[in-house]
Structures are given as structure tokens and as C-alpha cells.
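Protein chains in written order, with UniProt numbering: chain A, 1 to 350; chain B, 1 to 350; chain C, 1 to 335; chain D, 1 to 335.
Each residue gets a CB set at the ideal place from its N, CA and C atoms; glycine is no exception.
Because the structure is a prediction, the values reported are computed rather than measured.
Structure first, commentary second.
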Amino acid sequence: MTGHFPMRQIIDDHGNLLDESYKKDLNEELVHRLYFHMYRIRTFDLKAKSLQRQGRIGTYPPFEGQEAAQVGSALALGDDDWMFPTYRDHGAMLTFGANMMRTFLYWNGRVEGCVPPEGKKIFPAAVPIATQLPHAAGAAWAEKKKGTKNISIAYFGDGATSEGDFHEGMNFASVFQTPTIFFNQNNQYAISVPIDRQMNSETIAQKSVSYGIPGVRIDGNDCFVVYLETKKAIERARNGGGPTLIEAVTWRTGAHTTADDPTKYRNKEQGADVVDPIVRLERFMKNNGYWDEKKTNSIHEELKVEVEQAVEAMESYPKANVEDLFDHVYANPPEQLLRQKELYMEQLRR
Amino acid sequence: MTGHFPMRQIIDDHGNLLDESYKKDLNEELVHRLYFHMYRIRTFDLKAKSLQRQGRIGTYPPFEGQEAAQVGSALALGDDDWMFPTYRDHGAMLTFGANMMRTFLYWNGRVEGCVPPEGKKIFPAAVPIATQLPHAAGAAWAEKKKGTKNISIAYFGDGATSEGDFHEGMNFASVFQTPTIFFNQNNQYAISVPIDRQMNSETIAQKSVSYGIPGVRIDGNDCFVVYLETKKAIERARNGGGPTLIEAVTWRTGAHTTADDPTKYRNKEQGADVVDPIVRLERFMKNNGYWDEKKTNSIHEELKVEVEQAVEAMESYPKANVEDLFDHVYANPPEQLLRQKELYMEQLRR
Amino acid sequence: MVISTKNLTETKSMTVIQAINDGMRVMLEADNTTLVLGEDVGKNGGVFRATDGLQERFGDDRVIDTPLSESGIVGTSVGLAVNGFKPIAEMQFMGFIYPAYDQIMTHVSRIRMRTMGHFSVPMVIRAPYGAGVRAPEIHSDSAEALFTHMPGLKVVCPSSPFDAKGLLIASVKDPDPVLFMEPMRNYRASREEVPVDSYSVEIGKGKLVKEGNDVSIITWGAMVPVVENAVQQIENNGVSCEIIDLRTLYPLDQDIIAQSVEKTQRAVVVHEAQGTGGFGNDVVTSINDTSFLYLKAPVERVTGFDIPVPFSALEDHYLPTPKRVQEAVEKAMNF
Amino acid sequence: MVISTKNLTETKSMTVIQAINDGMRVMLEADNTTLVLGEDVGKNGGVFRATDGLQERFGDDRVIDTPLSESGIVGTSVGLAVNGFKPIAEMQFMGFIYPAYDQIMTHVSRIRMRTMGHFSVPMVIRAPYGAGVRAPEIHSDSAEALFTHMPGLKVVCPSSPFDAKGLLIASVKDPDPVLFMEPMRNYRASREEVPVDSYSVEIGKGKLVKEGNDVSIITWGAMVPVVENAVQQIENNGVSCEIIDLRTLYPLDQDIIAQSVEKTQRAVVVHEAQGTGGFGNDVVTSINDTSFLYLKAPVERVTGFDIPVPFSALEDHYLPTPKRVQEAVEKAMNF
Ligand SMILES: Cc1ncc(C[n+]2csc(CCOP(=O)(O)OP(=O)(O)O)c2C)c(N)n1
Ligand SMILES: Cc1ncc(C[n+]2csc(CCOP(=O)(O)OP(=O)(O)O)c2C)c(N)n1
Ligand SMILES: [Mg+2]
Ligand SMILES: [Mg+2]
């Protein structure tokens with residue numbers, strides 16, 4: 001079946017344009033936006049890893065290596081669209097408008113980290129694998145019912161395709177032709193399990209055949225193809241063309257989480273040939289006259305400051321409030337719960 | 001995708017052989033075996049419906065119209081293979097060696113109806129939709145681990161393809177290349193829900209693409225293609241070729257169950273053009289010199305007697321034993337359960 | 001407590017199933033964000049006819065036949081609910097809610113908490129439950145205890161037509177998700193005058209079905225008529241019984257239980273789910289917590305046995321019967 | 001009771017997780033129908049290293065990395081078990097068992113009953129559970145009450161290395177399916193001398209952890225050390241506590257509870273799951289049933305609050321603490 005789902009690319013590992021016909025789509029503004037956001041979330045990611053090592057946040061799942069996939073797709077969204085991410089998609093969330101301070105809070109075990117900025121339709125990261133796919137179908141279905149042109153995007157990994165909810169969510173979306181983008185980041189591992197143990201199909205894109213919907217396999221480390229193909233699928237969805245499954249082939253550079261030791265299950269050689277998506281974009285920029293060393297340095301500086309400030313804000317954020325535990329379970333907490341709260345707050349004061 | 005999964009047929013509605021090359025496979029013994037079993041389970045089915053109307057058994061889901069699919073597939077099995085049926089597959093079960101008296105017992109609300117004859121690997125009919133697919137994958141996996149050539153077959157309906165367990169079972173079977181036949185009876189309805197509301201894919205067979213396994217779409221009312229294609233898939237499975245998805249397109253002639261009223265959701269015209277699979281076989285037999293009126297009548301007579309005797313045996317079967325409720329939940333019932341039993345048995349005696 | 005701003009004097013005689021249908025009708029009319037979805041709820045009107053006529057009346061974009069996919073139904077309802085709709089999702093039988101358990105446990109019940117109220121997913125999950133109707137295996141489960149142990153969800157279980165409609169409307173209006181359990185056995189067992197207009201029965205309040213002095217019998221759903229039946233026998237023997245229909249299991253009306261038990265000083269809890277792990281244990285604990293010193297005898301429980309709900313030939317032996325209730329009352333009285 | 005035919009004098013110091021690993025090692029060695037399967041259990045040796053080294057030793061057809069698919073893992077285990085194998089299936093965290101709930105509820109626990117013993121599916125489902133280890137959301141659930149309410153299944157929950165290995169071996173040998181809950185918090189918290197050979201700790205028997213006279217504290221799993229800690233404080237105040245570690249939740253050792261409570265006449269139940277619908281209510285009911293007249297005070301419960309297990313910054317406020325146990329004991333004593 002790979003024959004039907006060849007991997008689409010726009011630039012190669014050396015940053016060379018593979019198809020001149022795309023040139024018109026790659027304007028300077030886009031190139032710089034992609035670069036800015038990829039570098040931004042990289043800066044965030046590296047900082048988060050370092051904070052974890054210092055014990056300043058909890059276990060953290062780095063997305064290093066997946067920046068093109070996350071930024072390219074998130075930038076293709078419109079302001080009123082919905083995002084349903086996983087725990088590894090804070091890059092996409094930040095790009096779409098999540099608050100960085102709150103993102104750090106999240107990884108410090110704070111529920112406040114799940115609250116998006118007012119008006120931003122970003123669902124909390126799904127922890128139980130694949131459960132967000134039906135949500136994305138439902139939210140998009142609601143948009144369709146309301147007669148808007150808004151769409152939803154669900155992020156999920158290669159491992160997620162094995163869960164029942166992947167299937168049920170895709171099926172609902174296809175039956176009701178909801179404007180949903182199922183954006184798969186095939187980083188080739190689910191913790192320690194490689195994709196050939198996860199599935200017997202050669203591609204994830206071909207799973208679209210089950211639902212009679214378009215499926216496309218793209219180089220997830222090529223930010224241009226990610227952006228343009230996501231955009232194309234979104235346009236189709238906005239115009240009543242229903243859902244699309246996008247398989248963005250990428251690579252998890254590091255560990256599954258900071259608690260994971262990948263040397264247990266993969267060799268040093270594995271992934272050695274993968275070119276960092278940011279490096280690839282840099283090469284393209286250099287090849288095509290988009291590179292401005294000075295400007296780049298000042299962006300790096302700016303981003304460093306932003307991230308440091310977010311960390312500071314996170315660390316000076318008010319302490320977690322015990323009462324919150326009881327106050328948000330129901331709109332109006334039942335009496336028996338209020339009694340528990342009261343007794344416990346009293347006890348804490350003793 | 002239907003292009004990839006055209007519906008295979010060997011005989012047409014008029015019982016004409018569509019492809020002479022199959023002629024060699026259709027020997028007299030096979031033709032008569034198919035006829036015998038199809039007529040046998042039809043006799044059973046009609047009787048069951050009539051018993052239900054008389055209040056002599058409970059709610060019953062007729063399989064009328066699906067005899068070719070059930071018999072053709074079940075006859076392709078070997079004695080040591082495993083069967084994982086649904087509530088509508090008592091035709092397949094009977095053909096594979098289930099006891100008819102016990103089958104009636106089952107529909108009379110008796111747990112005894114789930115117990116297969118010693119040595120017959122027939123699992124109880126799965127009531128929760130699609131849950132038996134992972135079982136079939138597991139049992140076949142066990143056979144593979146033991147190094148036998150035995151396979152398993154799972155029966156399921158078109159509606160079942162929407163459940164997560166369909167997907168998870170297929171995926172496991174494909175990853176571990178278990179010798180499992182996923183035999184779908186696409187009778188085009190799940191209770192009242194037509195297949196085009198169940199899924200957006202044109203065929204069920206194409207769902208095999210998700211798992212990188214062979215898929216085939218066949219005319220489920222053509223007993224020959226059912227038998228031969230199932231046989232082919234079984235041979236492949238026995239020889240290490242892994243699982244196959246078979247979509248047998250058929251038609252549920254009657255109601256979903258005796259409690260269902262199909263006039264609520266389908267027109268009289270729907271299905272009017274479907275030729276009864278037994279009639280189709282009869283036509284073939286007549287066209288090809290296999291028809292012997294006298295012999296046929298005596299088979300009909302014999303089957304009527306068999307069914308009547310099974311009903312009689314069911315109705316004179318010992319009354320359900322209350323103690324059984326407590327005795328089979330655990331190999332060694334825990335004390336607290338024994339106490340419940342004791343108290344209740346005492347109370348019954350009061 | 002009954003809350004209504006409308007005319008409640010115009011009534012119609014309804015069964016439980018008609019009252020439920022009417023509750024959905026009222027809410028589909030009142031608010032066009034209300035949706036009904038599930039397997040066979042549309043064209044077919046539901047396997048019990050609970051949604052009969054609703055699709056014809058409100059269209060197939062509001063009363064929706066879905067694929068056979070419980071996790072999909074509940075999971076997409078999460079998306080619909082967070083985006084402004086009010087789904088009333090049907091599980092065809094409570095025994096088929098288990099594939100959706102993950103969605104209910106990890107999302108439906110937790111989204112408000114997870115986002116500190118920024119997102120919420122008000123929805124109603126309807127589930128016909130219980131044994132005694134000669135249904136096939138699995139169709140007869142009574143799984144309330146799997147949901148009362150799930151903070152963020154409310155669990156409602158009416159027994160009568162009036163309560164069924166009023167509680168269903170209250171559930172649809174509730175800002176939080178509600179599991180709405182429907183006792184199949186009561187669907188057509190009796191009729192009651194039910195207001196034609198909209199009204200709510202308050203969630204979280206039990207009902208004193210019958211006053212009495214000697215023993216409190218606490219029950220809900222399909223067991224209410226069984227208890228009523230038993231009480232007729234028992235009172236012939238001169239024991240005065242108070243009957244409480246809890247109507248809501250979470251939040252539990254601890255006050256109505258305490259008040260009754262403190263008066264009668266004896267209690268019997270009756271439910272059809274298995275005793276071990278059953279919600280009856282919560283009632284026992286509630287009495288232990290509130291009314292320990294009043295008790296003259298241990299709280300008795302009459303429940304399903306610790307066995308799977310049996311195949312129909314023996315299901316009556318699983319279910320609490322008037323006789324078992326009677327003997328439990330005797331035991332409590334003679335302690 | 002410990003059952004063994006072998007030499008138990010050769011021991012090794014082990015943590016709970018090592019003991020569990022060793023229990024699997026012993027059973028993989030003893031019986032080549034034993035399989036270990038789950039997500040990341042093979043090459044990676046499990047996210048907690050529970051299966052460390054087992055794949056290297058026994059091969060990847062016996063220690064098997066599966067797809068990310070809990071219903072698939074349990075569902076195929078049904079097929080493996082009915083066809084002669086003994087699967088030990090791992091759920092990576094108990095909070096991810098919910099997608100497999102349908103398989104466990106409708107098949108694993110019912111197949112023996114459904115076929116009157118013709119088919120059975122002995123298997124062990126291992127599930128690390130509980131809060132207090134700063135895991136992300138959902139990873140910290142303690143869902144025993146969803147499984148004690150499921151006839152056909154046994155529910156085991158050791159707290160110590162010795163019991164962990166012995167109960168795991170007993171679970172693998174059991175002719176019926178067992179849910180084996182592993183308190184993550186105890187995984188590496190302490191060491192104990194554990195026999196290197198095979199031995200069983202009997203399923204269904206609690207353990208008297210500490211004798212005492214004034215109050216019985218009944219608990220299990222990760223709460224055992226919390227209670228022990230609390231008791232040290234409490235006894236400083238002159239109250240003598242008896243501690244019971246239930247070790248098995250179904251079947252429940254009602255005798256050990258009754259004996260203790262009838263001696264001390266006061267009881268406190270401690271568990272970390274939410275109180276409403278929690279298994280603590282079963283313990284309360286058991287005491288109500290067996291020992292009503294002995295009780296000098298209501299049974300106290302110290303449990304998780306009726307809220308979802310919080311995000312890690314506040315999870316310690318959810319969990320029972322020594323202080324909360326202490327205050328409950330005081331309440332029981334001063335009633
Ligand atoms: C239902 C469920 N089962 C198990 C887990 C534990 N778990 C967390 S991440 C993960 C692997 C996910 O792999 P993939 O979908 O490829 O995403 P990736 O982590 O590679 O981004 C597993 C098994 C979970 N979170 N949810
Ligand atoms: C998990 C689950 N959900 C719902 C049901 C109720 N139900 C019984 S049969 C059926 C339709 C099944 O359709 P299909 O799979 O096409 O099989 P068919 O009945 O046509 O043979 C439904 C919804 C069930 N048995 N199990
Ligand atoms: Mg991955
Ligand atoms: Mg069908």
C-alpha cells in the first residue's frame with residue numbers, strides 16, 4: 001500500500017527545494033514565522049528538560065525533533081479553530097497561543113496549566129492515549145451544526161493508532177463528515193515499542209482507507225510540507241470536504257520522558273541519519289537567501305528572555321490552593337463534598 | 001477503493017456458474033453438503049421463530065438470508081479449529097458441530113446452551129458487539145505458539161466494525177500474524193442502522209488495508225464463493241500467512257430479533273431483489289444436474305424430524321438448577337459466596 | 001422538591017417510558033442546542049421506543065442515529081458538549097456502557113476539574129438498566145456503583161413516571177454530566193398523571209414513598225415496586241414500614257435517610273446490583289456515620305447475589321424478591 | 001498462610017518491585033505456558049522495571065511487547081488463556097485499565113460462569129496503582145472498587161515484598177482471573193528478606209500486621225505504611241492499635257476483621273480511593289454484619305476525598321495522611 005501513500009516532501013535534508021512549483025507558496029513571512037516558532041518551542045523544550053533535571057518541574061516528555069510537525073500544523077490553523085493535543089504537543093499548543101508560563105505550571109503538576117487563554121479553544125493535553133480523537137470529532141461536528149467554517153485538529157502519536165478510540169473517533173468523523181484534521185506524529189516509537197511492533201501496515205496514512213477519507217503521508221520534519229498539506233486539509237474541511245488523516249513522519253530525538261532511558265531499547269545508530277528539522281530549515285534559508293545572522297541572533301536572544309521570564313513567572317506563581325481541589329469538581333459542589341472540604345480545611349488549620 | 005475490492009461471485013442469482021474454471025472445485029459431495037446444512041439451519045431458524053411466537057423460547061434473532069455465509073464458512077473449518085460466533089451465528093455453530101438441543105436451550109434463557117460438545121472449540125455467542133475479535137486473535141496466537149496448524153474464525157456483523165474491539169483485535173492479529181479469519185457478515189443493517197450510516201467506506205473489505213492483511217469481498221449469498229474463499233484464507237493462515245478479513249455481503253431477510261419491527265426503518269422494497277441463498281443453490285443444482293427431488297424431500301423430512309426432536313429434548317430437559325448460579329462463578333467458590341448460596345437455598349425451602 | 005414556572009395542572013397519564021420520551025421532547029423543544037444521539041434512537045425510535053417520534057419531529061440533525069460505538073458516542077458528546085450542545089446520549093442497555101467507561105471516567109467526569117471550570121461537558125447519559133425482563137445476557141446489569149465512585153458525575157435513578165420526566169429535565173438542565181439510569185422493568189409497569197409542561201424534580205433529593213414507624217426500607221429504581229409489594233405483606237404482620245426512594249444516588253440524600261432511621265431505628269437497604277461493592281454499602285456507611293447511636297439492629301441488605309446477573313431462566317433467583325425483603329425486615333425486627 | 005513445598009530458608013533482600021519481578025521469573029521458569037505481555041514489558045523491562053531482564057531470559061515469544069491497546073491485551077489474553085496459556089498481562093498504570101473494562105467485566109470475569117466451567121480464563125492482570133509518586137494525571141487512580149463489584153474476578157493487593165511475591169505466584173496458579181494491584185508508592189520504599197524459591201501466600205487471607213487492644217485499623221496496599229507511621233504517633237498517646245493489612249479485597253477476609261473488631265470494639269478503615277463507592281464501605285458493612293453489638297463507636301473511614309485524584313502539586317492533600325488517621329482514631333476513641 002505504500003505505493004498509494006508515498007511520503008511527500010518539499011525540501012530535502014540539505015534544505016534544497018525538491019519541487020520548484022512550491023516556490024510561490026514559500027514566502028518570506030512564512031519562512032520566518034516557521035523559523036521563529038520552531039526555535040521558540042525548541043528553546044522552551046530544552047529549558048523544560050533542564051528544569052526537570054534540576055528538580056524544578058516534574059517528569060517531562062520532550063518533543064525535540066518534532067518541531068516542524070507541531071509548528072507547521074499549528075500555524076495552519078485559524079484563530080477560531082479547536083486544538084486537541086496530547087502531553088507531547090505543548091509545542092503545537094504554544095504556537096497556537098497557549099500561555100508559556102501556564103505550560104511550565106502544567107509540568108510542575110499544577111492544574112492551572114490546563115486552562116487556556118480566554119477564547120483560545122485549546123483542550124487540555126490528553127493523557128489517556130487516543131481518547132481525544134472522538135472529542136475532536138465532536139467539537140468539529142458542533143461547528144458544522146452551527147454552520148461555521150471552524151475546524152478541529154487532533155494530535156496523536158503512532159502508538160495511539162492501536163487504541164479503539166482512534167478507530168471510533170475516525171469513524172464518527174467520517175460518517176458525519178466533520179471538519180476534523182487527524183494529525184498523526186509518527187515519531188516511530190511509543191515509549192519503547194517501535195512502529196513495526198505497533199502495527200503491521202506500512203504506513204499510518206493508509207488507515208484512512210478504512211474510513212473512506214483522504215489520507216496523506218508527509219515528511220514531518222519538513223516544515224513546509226507540514227504547513228501546506230495541513231492547510232490544504234483544513235481548507236477542504238472548512239468547505240465541507242470532511243476529515244483528513246495526515247501522517248507526519250518524524251523522529252523522537254530523545255527519551256520518551258525524562259523518566260525514560262532509551263538506551264534500553266534503541267541503538268545509538270538509530271536516528272543518527274535524521275536531520276534536525278530546525279537545521280533543515282536553516283539550510284533552506286541559507287540556500288535561498290532568507291538567512292540573516294544578526295536578525296537570527298536577536299530572535300534567539302528574545303526567545304531566551306521570553307522563556308526565562310515564563311520560568312520566573314511560573315516559579316513566583318501563587319502556591320496551589322487546596323480549596324481548588326473541591327471547588328471545580330461540580331458547578332455547585334454537593335453538600336457531602338462541601339462537608340469534606342470544610343472538615344479538611346479545619347484540620348489543616350489545626 | 002471499491003476498485004480494489006470488487007465483489008467475488010461464483011454463481012449468479014439464477015444459479016449460473018460465472019466462471020467455468022471453478023467447476024472442478026464444485027464436486028457433488030460439496031454441493032450436497034452445502035445444501036444439507038443450509039436447509040438444516042433454515043429449518044432450525046424457522047422453528048425457533050415459531051417457538052418464540054408461541055412463547056416457548058425467548059427473544060430470538062433470526063439469521064434467515066445468511067445461510068450461505070454461515071454454512072459456507074463453517075464447512076471450510078477443520079475439526080480442531082476455533083469458532084468465535086455472535087448471537088446471530090447459531091447457523092454456523094450448528095454446522096460446525098454445536099448441539100441443536102442446547103442451541104434451543106440457549107434461546108430459552110439457559111446457560112447450558114453455551115456449553116459446546118466436548119472437544120468442540122466453540123466459544124459462547126458474544127453478546128457485547130465485537131468483543132470476540134480479540135479472543136479469536138488470542139486463541140489463534142496460542143495455536144501458533146503451540147506450533148499447530150489450527151486456526152480460529154471470528155464472526156461479526158457490519159455494525160461491529162464501528163467498535164474499538166474490532167480494530168484492536170484486527171491489529172493484534174496482524175501484528176502477531178495469528179492464523180485468524182475475520183469473517184464479516186455484512187447484512188447491511190445493525191438493528192435499524194443501515195451500513196451507510198455505520199461507516200463512510202464503500203466496503204468493509206477495504207478495512208484490511210489498515211492492518212496490512214489480505215481482505216476480500218464476496219457475495220455472501222453465494223455459498224460456493226463463501227466456502228472457497230474462506231478455505232483459501234484458512235489455508236493461508238495454516239501455512240503462516242496470517243489473518244484475513246472476509247466481507248461476505250448478505251441480507252438480513254427479517255427482523256433484527258423477534259422483538260424488532262423492521263417496518264419502522266425499512267421499506268418493503270428494500271431487499272426485494274435479493275434472491276434467497278438456498279433458492280440460488282437450488283437453481284444451480286437444477287441447472288447442473290445435482291437436483292434429485294426425491295432425495296431432497298427425504299432430506300427435508302429428516303431435518304424436520306431432527307429439529308422436532310431437538311425441541312422435544314429441550315422442552316423435557318431438566319429444570320434449571322438454582323445452585324448452578326453459585327457454583328460456576330469461581331473454580332472454588334469463596335466462603336462469602338457459599339454463605340449466600342446456603343442462606344438462599346434454605347430460604348427457598350421455607 | 002418540584003421546580004416549575006409553568007402550568008402543572010394539565011397532566012396526562014404516562015408510563016415511565018412515555019414520561020422519558022416526553023422529557024426529551026420538552027427539552028428538544030425548549031432549547032435547540034439539545035441533541036439526542038445513540039444507536040437506533042432515530043428512525044427506529046429506540047429499541048424500547050424511548051425516543052419514538054422525536055426524529056420525525058425534530059429532524060435527523062438533532063435526533064441522531066450513530067454508529068455502533070459507545071466510546072464514540074460518549075467521546076463525541078464530550079466534543080459537542082464543550083462546544084455548546086447538550087447531548088442526551090443513549091447507551092442501548094447499561095450493560096453496554098462499559099466500552100465507554102474510559103471516556104466517562106477520564107473525561108466526562110473530569111473536564112470541569114481539569115480546567116478549573118473553564119471547560120465543562122454537561123450531558124446526560126441515559127442507560128436502561130436491570131434484570132427481570134427476560135433480556136439476553138449482559139443486557140440486565142445494574143452498574144450504578146461503578147459510577148457513584150466517579151467524582152464529577154451525578155447518578156440519577158427514578159422509579160416513577162413523574163420523577164422520570166422531572167429528573168430527566170433537571171438532568172438536561174444540570175451544568176454537570178448526569179448518568180440517568182432507567183429501570184427497564186418499570187418502563188411500562190404502571191402509569192401516573194404527569195404534567196405535560198416542563199418541570200424539574202431536584203437532583204439529590206430522595207422521596208418518602210410511605211411513612212412508617214418500625215423500620216426504614218431504603219431503595220431505588222426497579223426495586224421500589226418490589227419493596228412496596230413486600231411492605232403490603234409485612235404490614236399485615238403488624239410491622240410499620242417507612243419506604244424511601246433515593247431517586248438520586250450521587251449526591252446522596254443523607255438527611256432523608258438519617259431522619260428516617262433515627263425515627264425507626266432499624267434499616268433495610270434493597271438494591272438489585274451485587275451486594276459486594278454495591279451502593280448499598282454506601283447507604284450502610286451513611287447510616288453508620290449519621291445515626292450510629294439510634295440503631296437497634298444491624299442494617300440489613302437485600303441485594304443481588306455476588307454472581308453475574310444470570311441468564312434469564314434463573315434471573316428471578318438473582319433479584320431481590322418481596323419474600324427476601326420480608327425476611328430481612330423480620331431479621332431486623334427480631335435482632 | 002504460606003504454602004510451599006520448597007526451601008524457603010534461602011532468602012534475598014528485595015523491594016516490592018524486585019519481589020514482583022522475581023515472582024514472574026519463578027512462574028516463567030516453572031511453567032512454560034506462563035506468558036508476560038503488555039506495553040513496554042519486553043525490551044524496556046517495564047516503565048517501572050517490573051519485568052526487567054525477563055525478555056532476555058525467556059525470549060520474546062514469552063515476554064511480549066504488545067501494541068498500545070489495553071482492550072486488545074486483555075481480549076487476546078482471554079483467547080490465550082482459554083487455549084492453554086497463563087497470561088500475566090500488565091496495565092501500565094491502573095488509570096489505563098478503563099479501556100479494558102468491558103473485556104474484564106463482560107468476559108474475563110464471566111466466561112467460567114457462562115460455560116458452567118467448560119471454559120475458563122485464568123490470568124493475572126497486573127496494575128500499578130495509587131497516588132503519591134508525582135505521576136501525571138490519571139496515572140494515580142486507585143480503582144479497586146470497580147473490580148470488587150465484579151463476580152468472577154479476585155482482587156489482590158499486597159503491600160510488602162514478601163506478600164507481593166507470594167501473592168503473585170498464588171495469583172498465577174489460581175484457576176480464576178486475578179486483578180493484581182501493585183502499590184507504586186511501595187515499589188522501592190522498603191526491603192524485606194524474600195525467599196528465592198517459589199512460595200504462595202494464600203489469596204483471601206488478611207494479615208495481622210500489629211496487635212493492639214483499643215482500635216482496629218483496617219487497610220491495604222500503599223496505605224499500610226501510612227497507617228504504621230500514624231500508629232507510632234498514636235501509641236505515644238497511649239492508645240493501642242491493631243493493624244490489619246487485608247492483602248486480598250475479594251474474597252474479603254471477614255473473619256480477621258470480625259475477630260479484631262470484636263476485641264477492640266472500635267474500627268477505622270483507611271484507603272486512598274474516594275470514599276463514596278470505595279471498598280471501605282464494604283468493610284464497614286462487613287463489620288455491621290458480623291460485629292454490630294461489639295461496636296462502641298461508629299466505624300471511621302479515612303479515604304481519598306470525593307474528587308478526582310488531583311494533579312501532583314496537590315496530590316498529598318488528597319491522600320490519607322498519618323495525621324488524618326490519627327484524628328480518625330481519636331474520634332473513634334472519644335465517641
Ligand atoms: C490508555 C493509555 N495507555 C497507556 C498509557 C501510557 N503511555 C503514555 S505515552 C505512551 C506511548 C504513546 O506513544 P505514541 O502514541 O506513539 O505517542 P508519543 O509518546 O510517541 O508521542 C504510553 C503507552 C497512556 N497514557 N494511556
Ligand atoms: C457493545 C454493544 N452495544 C450495543 C449492543 C446492542 N446491539 C445488539 S445487536 C446490535 C446490532 C449489531 O449489528 P451487526 O454488528 O451488524 O450484527 P447483526 O445484528 O446485523 O448480525 C446492537 C446495537 C450490543 N449487543 N453490544
Ligand atoms: Mg510515538
Ligand atoms: Mg448487521
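Counting every other CB atom within 10 Å of its CB across the protein chains shown gives Asn186 of chain C a total of 16 or more, marking it as buried. Of all residues, those with a beta-carbon under 6 Å from at least one heavy atom of ligand 4 are B:Gly157, B:Asp158, B:Gly159, B:Asn187, B:Tyr189 and B:Ala190, reported in chain order. With a 10 Å radius around the Cβ and a threshold of 16 neighbouring Cβ atoms, Gln326 of chain D comes out buried. Legend: CB atoms of the region 103-131 of chain D lying less than 9 Å from CB atoms of chain C belong to residues Gln103, Ile104, Met105, Thr106, Ser109, Arg110, Met113 and Arg114. Per DSSP, Pro85 of chain A lies in no alpha helix (DSSP H) and is assigned neither H nor E. Counting along the chain, Asp316 of chain D sits inside the alpha helix (DSSP H) bounded by residues Glu315 to Tyr318.
At least one heavy atom of ligand 2 is found less than 7 Å from the C-beta of Ile129 of chain B.
Within the region 315-328 of chain A, the residues whose Cβ lies closer than 7 Å to some Cβ of chain C are Asp324 and His328, listed in chain order.
The beta-carbon distance between Met285 of chain A and Val31 of chain A, rounded to whole angstroms, is 6 Å. This is short enough to meet the 8 Å contact definition. Its chain contains Asp165, Glu168, Gly169 and Phe172 as the residues whose beta carbon lies nearer than 7 Å to that of Pro134 of chain A, once the 5 sequence neighbours on both sides are disregarded; these appear in chain order. Among the residues facing chain B, Asn200 of chain A is included, as its CB has a counterpart in that chain under 8 Å away. In this chain, the alpha helix (DSSP H) harbouring Pro225 of chain D covers Met223 to Asn236.
Here DSSP, grouped into helix, strand and coil, assigns Asp289 of chain D to helix. DSSP, read as helix, strand or coil, puts Thr303 of chain C in strand. What Gly58 of chain A touches in chain D, judged by beta-carbon distance under 7 Å, is Arg134 and Ser312, going in chain order. Under the Cβ criterion (8 Å, minimum of three pairs), the region 261-268 of chain A does not count as touching the region 83-97 of chain A. The closest heavy atom of ligand 2 lies 7 Å or more from the beta carbon of Thr66 of chain C. In the DSSP annotation of this structure, the continuous segment of the alpha helix (DSSP H) that includes Cys223 of chain B starts and ends at Cys223 to Arg238. In this chain, the alpha helix (DSSP H) harbouring Ser50 of chain B covers Glu28 to Arg53. What Asn281 of chain D touches in chain C, judged by beta-carbon distance under 8 Å, is Asn281, Asp282, Val284 and Thr285, going in chain order. At a Cβ-Cβ threshold of 8 Å, Gln185 of chain A and Ala98 of chain A do not count as neighbours. In summary, Pro128 of chain C is buried, with 16 or more beta-carbon neighbours lying within 10 Å of its beta-carbon over all protein chains present. Asp219 of chain A: not part of any alpha helix (DSSP H); member of the beta strand (DSSP E) spanning Gly215 to Asp219, first to last residue. By the Cβ-count criterion, Gly78 of chain B is exposed, with fewer than 16 other Cβ atoms from all chains shown falling within 10 Å of its own Cβ. Relative to ligand 1, the beta carbon of Arg217 of chain B is positioned no closer than 7 Å to any heavy atom. Against chain B, the beta carbon of Val47 of chain C has neighbours under 8 Å at Ile191, Ala259 and Asp260, listed in chain order. Closer than 7 Å to some heavy atom of ligand 2: that does not describe the Cβ of Arg114 of chain D. At a Cβ-Cβ threshold of 8 Å, Val227 of chain D and Ile203 of chain D do not count as neighbours. Between Asp61 of chain D and Lys146 of chain B, the CB-CB gap reaches or exceeds 8 Å.
C-alpha of Ser171 of chain D to C-alpha of Lys210 of chain C: approximately 48 Å in a straight line. Distances taken from the Cβ of Phe96 of chain D to the heavy atoms of ligand 1 include one shorter than 7 Å. Under DSSP, the beta-bridge partners assigned to Thr11 of chain D are D:Pro195. Contact annotation, Gly138 of chain B with Val78 of chain D: C-beta distance approximately 6 Å; criterion of less than 8 Å satisfied.
Contact of Phe156 of chain A with chain C is not assigned, every C-beta pair being separated by 8 Å or more. Collapsing the DSSP output to three states places Ser298 of chain B in a helix.
Residue environment: Phe58 of chain D is assigned as buried (16 or more neighbouring CB atoms within 10 Å of its CB, all protein chains considered).
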